[in-house]
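Worksheet: one structure, shown below.
Protein chains in written order, with my numbering: chain R, 10 to 301; chain C, 10 to 301; chain E, 10 to 301.
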């Protein structure tokens, strides 16, 4: 997301809204193959890219690493080189390595487009775009909007991508959550607040998933869902302190009764289901832009 | 299957026969996404739903639980809520939990159709429909037809669905198999007979698979294939006692030489291969009915 | 490959070249289902068959053995019998058993075409065809061409298929590699040479992958990548001894710096990426020929 200008982002958002309104892509009259390579578990990102690809009329290849030559020791580079040689024009990738894509986009022999579906604790640009789309649908404009991001900031690729782009677009960002899960590197984007303050201040209360798969064992062993919910979660009580037109967001999957109270997930203030719906259109816009 | 009236079933069977004769669905002029979520192993049900979906012109999303957020602890409810939000219009599900579908069809926020591809030891409606279709093709009418169901009655979702619907349609149902695998709850549908009596009486000899994956370890350890075959299986000798026009059915996969003799699986009396073929058309009829 | 005459092979190669030039198949006006059943890991063969199937306009069923009734003990025979009953017209199979296909093509009840995507240490006909296509593109004619095949000859299904067909087509074949991985059975196709001699003699230097998954544990424990590379690999030094217009081939995945130096994989003499590209068209020709 660092490389995108606000104008480019606003253009992508416009296109995503058009797709949501029923616009279709003027696809070249030939088969275009997309490959999805998810080396980390995913429900939303993976399936919404698949649906976005099909809505654009692409042929989809689901790459299953566990049944591939990756099991014989083949590297990510050689895997993508192969798919490129087979005629794949766009690869959507999720991988646990930060910046895995550098060697792919710098290769002279790999010509297909690379779309990042999440890299390690790095970036998650398509999630960022769908979050921005959901906020824009609600408030129209980003200028002066107060967005509070709470939870496991340091492991979150969502937090980083969103904080960068929201500030570029004129929003004011706040952070909260356990201090040991915060990274001072985020100070450049906004202020750290107590959870109660963040909830009362924000137009958008964005909760982040507790990612046990990215914590170490010791942290997981001592973790109490009830304690986390009480100290850093959006409890029913805290939710009652939200501004009148404020909304709740979460990249999901939600740990119900941890990051937010079970009853809030599908509540009138929640945009969590809408975020998932918008993800399809945001991803159509991204795919179209790299295929053009 | 409890909720279907005989007329509704007969209408579905008629439609399945039409599909088999080459009829096609008058599909709305838009993309329709179906998702298959099989949390239990399956070859026939899974692949024939996939083929049925494609024959109806649907876009198919194969949900792979082992590479999804289910691995991060996401519930079935939240998974289906997600797919619904992504625009999926029908989910075909197989799950080990009896009545898993209740919370899905009762949810206000899940709008997609749910098709049950088998729940725990509960129901297996699409298998039931293809069995009825195969019987109807053979005998035309169900009234007075004698159907013997033999094997692991209590764990079988096929037995339950079939016994309910066959009796509703006027057939007479008998059961046989190991007494410890029988459930007196089935007395309401028909009489328990010795295996030899069942074979000599029945127009349809329906064998059930020994489901080791649903038995406990002790039962599996003491199980002898040869003994089972001799006592409760359709041996070549027993098959020679079948009525002249009686047929053999089995939901498959068959344990050859356990539930029935190897040589009977593809014999002239067997309709096991035909059951699989009919499954595609029965499932087309089911999918069409929920999409309309 | 034993059953193909040179003329039949040359006709397939011609058709593959036509597909590469943009020709399309005159597909019958109906849905045709292909199923891919890969019981061994694969990236190139599996994905290029998938793409070839889609380019021919087929509907593709990806059979996932690990989520199928194979897990309940169902045999390969009964699995293919099932897919055939469901209406699948061509099954592409890879399996660890040599000649697994015999019982399938000899069955009276299995009607679908079987395409061998690799059987144990047996044959790999589609790899053979794409290799021949790549050689033909380079040299036009096979007569008198010198082809050196080096590496794990005895476990390689590529070596066997290629040696058989290349000699039929008039090429001269040589072998090299560790003596303990050589099989005197190959003497009928060509002479065994020292690696340096093979490199200097050959128009095509074809390296074979060290297949640790087919070696025993003891062999794997004592294996040294550096030693193998030095003794039997295409080092940079050896590559400098190649004839001026000689090319490098490898079925891939490549163990870089084992069978050949890392820098040679994507070098100007290498046709490894082209082999992958040609694989799609070779497989289209094979599929078309069995569907006609």
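Yeah, the Cβ is synthetic: ideal placement off N, Cα and C, and Gly gets one too. Model, not experiment: these values are computed from the prediction.
In terms of Cβ geometry, residue 48 of chain R and residue 74 of chain R form a close pair [threshold 8 Å].
In the DSSP assignment, residue 123 of chain R is bridged to R:100. Positions of the alpha helix (DSSP H) runs, each at least 4 residues long and wholly inside the region 118–180 of chain E, are given as 134–148 and 166–177 in order along the chain.
Of all residues in the region 38–61 of chain C, only 47, 50, 51, 52, 53, 56, 57, 59 and 60 come within less than 7 Å of chain E when Cβ atoms are compared, listed by chain position. Note on geometry: alpha-carbon atoms of residue 111 of chain E and residue 124 of chain E lie some 12 Å from one another. Contacts with chain C at 8 Å (Cβ-Cβ) include residue 68 of chain E. For residue 35 of chain C, no alpha helix (DSSP H) run applies, since DSSP gives it neither H nor E. Just so you know, the alpha carbons of residue 148 of chain R and residue 179 of chain R end up roughly 13 Å apart.
Contact annotation for residue 118 of chain R against chain E: 275 and 282 [CB-CB distance below 8 Å, chain order]. Here DSSP, grouped into helix, strand and coil, assigns residue 90 of chain C to helix. Residues of the region 80–107 of chain R with a Cβ closer than 9 Å to any Cβ of chain E, in chain order: 80, 81, 82, 83, 84, 87, 88, 90, 91, 92, 93, 94, 95, 96 and 97. Scanning chain R for C-beta atoms nearer than 8 Å to the C-beta of residue 64 of chain E yields 40, reported in chain order.
The Cβ neighbour count for residue 150 of chain E, taken over all protein chains shown within 10 Å, is under 16; the residue is labelled exposed. DSSP links residue 43 of chain R through a beta bridge to R:69 and R:99.
Taking C-beta separations shorter than 7 Å and ignoring five residues to either side along the sequence, the partners of residue 182 of chain E in its chain run 156, 158, 172, 175, 176, 198 and 199, following chain order. Nearest in C-alpha terms to residue 196 of chain C, of all of C:215, C:275, C:15 and C:169, is C:169. In terms of beta-carbon proximity, residue 262 of chain R lines the interface with chain C, with at least one pair separated by less than 8 Å. Not one beta carbon of chain E lies nearer than 8 Å to the beta carbon of residue 267 of chain C. In this structure residue 134 of chain C is buried. Its beta-carbon is surrounded by 16 or more other beta-carbon atoms within 10 angstroms. Residue 79 of chain R sits in a helix when the DSSP states are folded into three classes.
In this structure, the CA atom of residue 76 of chain R is about 6 Å from the CA atom of residue 51 of chain E. Here residue 28 of chain C carries a helix assignment [DSSP, helix/strand/coil]. Judged by DSSP secondary structure, residue 293 of chain E falls within the alpha helix (DSSP H) whose first and last residues are 281–300. Pairwise C-beta distances place the region 283–296 of chain C in contact with the region 25–35 of chain C, as three or more of them are shorter than 8 Å.
Minimum Cα-Cα distance from residue 105 of chain C among the listed residues C:127, C:144 and C:95 corresponds to C:127. Per DSSP, residue 207 of chain C is one residue of the alpha helix (DSSP H) stretching across 204–210.
Your pair residue 270 of chain R and residue 243 of chain R checks out as a contact, with CB atoms roughly 7 Å apart and the cut at 8 Å.
Under the three-state reduction of DSSP, residue 217 of chain C is assigned to coil, being neither helix nor strand.
Remark: C-beta atoms of residue 208 of chain R and residue 258 of chain R do not approach each other more closely than 8 Å.
Remark: fewer than three beta-carbon pairs, one from each stretch, lie closer than 8 Å, so the region 37–45 of chain C and the region 268–283 of chain C are not flagged as touching.
The beta carbon of residue 189 of chain E sits no closer than 8 Å to any beta carbon of chain R. Of the residues C:162, C:279, C:141 and C:101, the one whose Cα lies closest to the Cα of residue 152 of chain C is C:141. When C-beta distances to chain R are compared with 7 Å, the residues of the region 215–232 of chain E below that value are 222, in chain order. Per the coordinates, the alpha-carbon of residue 162 of chain C lies some 51 Å from the alpha-carbon of residue 296 of chain R. When the five nearest sequence neighbours on each side are left out, the beta carbons in the same chain lying within less than 7 Å of the beta carbon of residue 93 of chain R are those of 119, 120 and 121, in order along the chain. Using a Cβ-Cβ cut-off of 8 Å, residue 286 of chain R is close to 94, 95 and 96 of chain C, given in chain order.
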